[in-house]
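Step one of this worksheet: look at the structure below.
Numbering (the working numbering), first residue to last: 6 to 359.
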């Protein structure tokens, strides 16, 4: 596979690259990231290789990421599928400055359009569920934006499976614009999404885009057990550091470090980088995911793109699967037991047609 081996996004006709370029690193407003010159080199190399799927959000580097993209994409806006998100609050103290409701949505989209210097957004995600807004308000408001031509496609990010299913059902039942993408945290270190979210997305026509495919650097050996010990001993980490982000997002754990050990061992055996192993697992598994890669240098981008051409052996798949395996829980594990299978099939052999 190469970057210009395009895939359809969910149950839509939209063609996107098999690796999306995340741009949370575009801008230094958060104390880390890249300046516009380096961002331009990264974006240019991604597009030159055939990449067309770019992911950002209103809140990334306090709006700096969108503004930088608007400047860098001058003259080539039509070439890319530009995804951004609303929901997170850029205005502390303003209760309507964020959230999933119509006012927040419309205000955020208007501001994103200005920062991105564009007339439309290709893909707009609800960024995270606020637990407050009625789902039908979200579905109707997003549909209005699509009908107004300001948004072409819609998606959901960081929401419970039951809620995503409810909103997709509302959309299809009431002739609203359906959701074509589900963006979730997914990696060897975070597989609990395999219980409900991924099966739901596949059944209801949503393509899966995976954020933090390297578990915030944990899978590639960026952190050691000494860092875990420091985190456990000191709860006053610098909030702007990447170590603090990994710790507060519960990525820096003994379990995940054990997974990272296997990723790095396979990488050494194949003479490739650990990032390529972790990304190849996501790209090649049965869930048909599009990882979102966030890089801070041209070298990192080139290394990540090489994962598209990497093939894992059955033995390597088994090692990665075993060390990262999760318990699916009820009812999934129960339904795979012999007694219910026997009662459901009457002892006959039945297979789903491909």
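Note that beta-carbon positions come from the ideal geometry of N, C-alpha and C, so glycine has one too.
Distance check for residue 207 and residue 186, CA to CA, integer angstroms please. 10 Å
Cβ neighbours of residue 338 in the same chain (closer than 8 Å, five flanking residues each side left out): The residues are 332.
For residue 257 and residue 236, believed in contact at Cβ under 8 Å, the rounded distance: 6 Å
Tell me the rounded alpha-carbon separation between residue 205 and residue 325. The straight-line gap from Cα to Cα measures roughly 24 Å.
Using three-state DSSP, classify residue 358 as helix, strand or coil. coil
Is residue 265 near the ligand SAM - that is, is its Cβ less than 7 Å away from at least one heavy atom of it? Of the ligands one can find in the structure shown there are none, so the ligand SAM has no counterpart to examine.
Is the beta carbon of residue 297 less than 8 Å from the beta carbon of residue 60? yes
For the structure I just gave you, are there three or more beta carbon pairs, one from the stretch 263-282 and one from the stretch 157-167, closer than 8 Å? no
Using DSSP's beta-bridge definition, name the partner residues of residue 279. For residue 279, DSSP assigns no beta-bridge partner whatsoever.
Among 308, 210, 228, which has the Cα closest to the Cα of residue 252? When only C-alpha atoms are compared, the closest one is 228.
Measuring only the C-alpha atoms, how far is residue 284 from residue 8? Computed Cα separation, rounded: 13 Å.
Indicate the three-state DSSP secondary structure (helix, strand or coil) for residue 135 in the structure shown. Of the three classes helix, strand and coil, the one that applies to residue 135 here is coil, per DSSP.
Residue 80 and residue 212: beta carbons closer than 8 Å? No; because the gap between Cβ atoms is not below 8 Å, this pair is not in contact.
Exposure of residue 22, with buried meaning 16 or more beta-carbon neighbours within 10 Å: buried
Look at the alpha carbon of residue 162 and the alpha carbon of residue 281, and state the distance between them as a whole number of angstroms. Residue 162 and residue 281 have their C-alpha atoms some 25 Å from each other.
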